[in-house]
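Reading through the structure tokens given below for one structure.
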Amino acid sequence: MNHPRNLEYQVLVGQSKTQLELFAESLGEQSYRGRQLFDWLYHQKNDIIDEMTDLPALFREQVKKSAIVHPLVQVTQSDSGSKQTKKFLFQLQDGNQIESVLMKEKDRTTICISTQVGCAVNCDFCATAAMGFIQNLSAGEIVDQFLQLKKLSSGPITNVVFMGMGEPLLNYKNVIAAADLLHDPDGINMGAKRITISTAGIIPKIKQFTAEAHKYKLAISLNGSTQEQRLKTMPISAAQPLEELLAAATCYSRENKTRVTFEYVLIKDINEKIEDARRLQEMLSPINCKLNVIPYNETGGVYARPDDEKIQTFLSALKKAPFPVTVRWSKGVGIDAGCGQLATKTG
Ligand code: SF4
């Protein structure tokens with residue numbers, strides 16, 4: 060059942076320091092009480108109001124009456140066979156659902172978080188696209204995925220990637236607000252370079268991100284070595300042409316003095332030929348970048364993963380590339396937690 064989104068009570072997770080100061084004032088307290096709440100929620104990561112013992116008892120009672128802490132409720136959890144990857148289903152206050160993934164690899168724990176319910180971009184190979192666009196997540200709904208997974212993770216979360224359901228740059232304001240909350244040194248204090256925002260290539264938003272000089276990492280899904288090839292799987296390329304996208308990426312890496320990551324989902328009979336690898340090398344060589352090749356995770360649709368020999372041939376053709384090339388052998392494919400596999404039934 061869906062519940063209205065215009066809630067009468069406040070949701071604390073997602074609120075900035077200033078917003079929590081105003082919240083404290085609205086309850087008749089001084090603004091520094093809001094800063095204390097900020098510290099409890101994001102720095103100490105404690106969501107039990109009664110344990111926030113440096114707040115006056117009366118204020119704690121008022122907070123409990125007028126606010127809830129988390130905008131999300133965990134519904135289910137599925138583990139991959141190796142237990143290295145876990146997928147979580149969360150429910151929003153209005154009944155819609157989203158997924159997040161937690162991946163452990165040696166001393167690195169990465170979470171992949173969603174930014175929208177569904178997605179409007181309609182990449183042909185993506186399970187989320189089949190849901191269509193339902194709604195943007197608020198900054199709180201985005202950052203709460205971190206806070207809830209933090210509690211469930213056996214070790215510290217070292218990296219956050221905005222690569223779950225949705226196109227992050229089409230929910231720009233809330234995504235930046237969530238990244239700022241993750242990064243705030245008085246709060247969660249995650250290094251900016253440990254936060255990666257991914258995009259299918261929304262050129263005006265990449266330009267805005269560059270102009271605003273955000274320090275978060277940017278990853279662009281390329282998925283094709285020519286405009287025609289990109290168009291086959293990513294209809295959005297019609298309005299976001301490859302040449303302009305590469306120019307925007309070049310500008311971003313130059314202005315922000317940082318490396319841009321290109322993601323390349325490798326799909327059988329679509330973009331896995333040796334010529335594609337050569338074109339990629341030529342096209343990306345002038346850019347300060349890294350290429351991340353992701354063998355396609357099958358979702359039961361028309362696309363398939365290239366066989367291992369083809370994948371190796373493709374990678375060998377990039378051996379002399381002047382930029383780093385990595386391969387993401389997606390974990391969690393068996394639980395539909397691999398790249399492009401996230402999708403939920405909505406409530
Ligand atoms: S790959 Fe990303 S941008 Fe494309 S449809 Fe899926 S969620 Fe949206």
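When we follow this note's numbering, the leftmost residue of the sequence shown carries the number 60, and every step to the right adds one.
We put the CB at the ideal spot given by N, CA and C, even for glycine.
Keep in mind it's a predicted model, so treat the numbers as computed, not measured.
- In the DSSP assignment, what residue or residues form a beta bridge with G177? For the purposes of this step, residue 177 is taken as the residue at position 118 of the sequence shown. F192, per the DSSP bridge assignment.
- Item | Residues that P354 bridges to, as DSSP identifies them | As a working mapping, residue 354 is identified with position 295 in the sequence shown. The partner list for P354 (beta bridge, DSSP) reads L325.
- Consult DSSP for M224 and reduce its assignment to one of helix, strand or coil. Here residue 224 refers to the residue found at position 165 of the sequence shown. Three-state result, M224: coil.
- Query: At a cut-off of 7 Å, is G225 close to the ligand SF4 when judged by its beta-carbon and the heavy atoms of the ligand?
  - Reply: Reading the sequence shown from its first residue, position 166 is the one you call residue 225. Checking every heavy atom of the ligand SF4 against the Cβ of G225, one is found closer than 7 Å.
- Cα separation between L208 and D153? Position 149 of the sequence shown, counting from 1, holds the residue named residue 208. Position 94 of the sequence shown, counting from 1, holds the residue named residue 153. One C-alpha to the other measures close to 21 Å.
- Message: Assuming V384 is part of the beta strand (DSSP E), what are its boundary residues?
- Response: Counting from 1 along the sequence shown, the entry for residue 384 is found at position 325. First-last of the beta strand (DSSP E) with V384: V384 to V386.
- Query: Which residue's Cα is closest to the Cα of E314: E334, L281, I170 and L277?
  - Reply: As a working mapping, residue 314 is identified with position 255 in the sequence shown. It is L277.
- Message: Nearer than 7 Å: is that true of the beta carbon of T255 relative to any heavy atom of the ligand SF4?
- Response: As a working mapping, residue 255 is identified with position 196 in the sequence shown. False, no ligand heavy atom lies under 7 Å from that Cβ.
- Would you decide whether V219 is buried or exposed? Buried here means 16 or more other CB atoms lie within 10 Å of its CB. For this step, residue 219 is matched to residue 160 along the sequence shown. V219 comes out buried.
- Assign V180 to one of two classes, buried (16 or more other C-beta atoms within 10 Å of its C-beta) or exposed (fewer than that). Taking the first residue of the sequence shown as 1, we reach residue 180 at position 121. Looking at its Cβ environment, which holds 16 or more other Cβ atoms inside 10 Å, V180 is buried.
- Query: Comparing the CB of T187 with every heavy atom of the ligand SF4, is any distance shorter than 7 Å?
  - Reply: For the purposes of this step, residue 187 is identified with residue 128 of the sequence shown, where counting begins at 1. Because some heavy atom of the ligand SF4 lies under 7 Å away, the Cβ of T187 counts as near it: yes.
- Query: If you draw a straight line from the C-alpha of W388 to the C-alpha of P365, how long is it?
  - Reply: Start at 1 with the first residue of the sequence shown, and residue 388 comes out as number 329. Start at 1 with the first residue of the sequence shown, and residue 365 comes out as number 306. Taking the straight line from one Cα to the other gives about 13 Å.
- Query: For the alpha helix (DSSP H) that A238 lies in, which residues bound it at each end?
  - Reply: The count along the sequence shown starts at 1 and reaches residue 238 at position 179. Run containing A238: Y231 to H242, per the alpha helix (DSSP H) assignment.
- Query: Could you give the uninterrupted runs of the alpha helix (DSSP H) lying entirely in the region 77–124, keeping only those of 4 residues or more?
  - Reply: 91–97
- Item | Delimiting residues of the beta strand (DSSP E) encompassing R337 | If you number the sequence shown from 1, residue 337 lands on position 278. Looking at the DSSP string, R337 is not in any beta strand (DSSP E); the run it does join, the alpha helix (DSSP H), is I333 to L343.
- Cα-Cα separation between T269 and Y311, rounded to whole angstroms: Translated into the one-based positions of the sequence shown, residue 269 becomes position 210. Translated into the one-based positions of the sequence shown, residue 311 becomes position 252. Each residue's Cα considered, the two are about 5 Å apart.
- Task: Tell me whether the beta-carbon of F149 lies closer than 8 Å to the beta-carbon of Q136.
- Result: Against the sequence shown, residue 149 aligns to sequence position 90. Against the sequence shown, residue 136 aligns to sequence position 77. Cβ atoms of F149 and Q136: not closer than 8 Å.
- Using three-state DSSP, classify D138 as helix, strand or coil. Within the sequence shown, the letter at position 79 stands for residue 138. D138 falls in the strand class under three-state DSSP.
- Counted within 10 angstroms of its Cβ, other Cβ atoms place L211 as buried (16 or more) or exposed: Walking along the sequence shown from the start, residue 211 turns up at place 152. Answer is exposed; the Cβ neighbour count stays below 16.
- Message: Considering only heavy atoms of the ligand SF4, does any lie closer than 7 Å to the CB of V384?
- Response: On the sequence shown, position 325 is the one that residue 384 refers to. For the ligand SF4, not one heavy atom lies less than 7 Å from the Cβ of V384.
- According to the neighbour-count rule (16 or more other Cβ atoms, all chains shown, within 10 Å of its Cβ), is L356 buried or exposed? Counting from one through the sequence shown, the residue named residue 356 turns up at place 297. Here residue 356 is Asn; the residue named in the question, Leu, does not match the sequence. Buried: at least 16 other Cβ atoms inside 10 Å.
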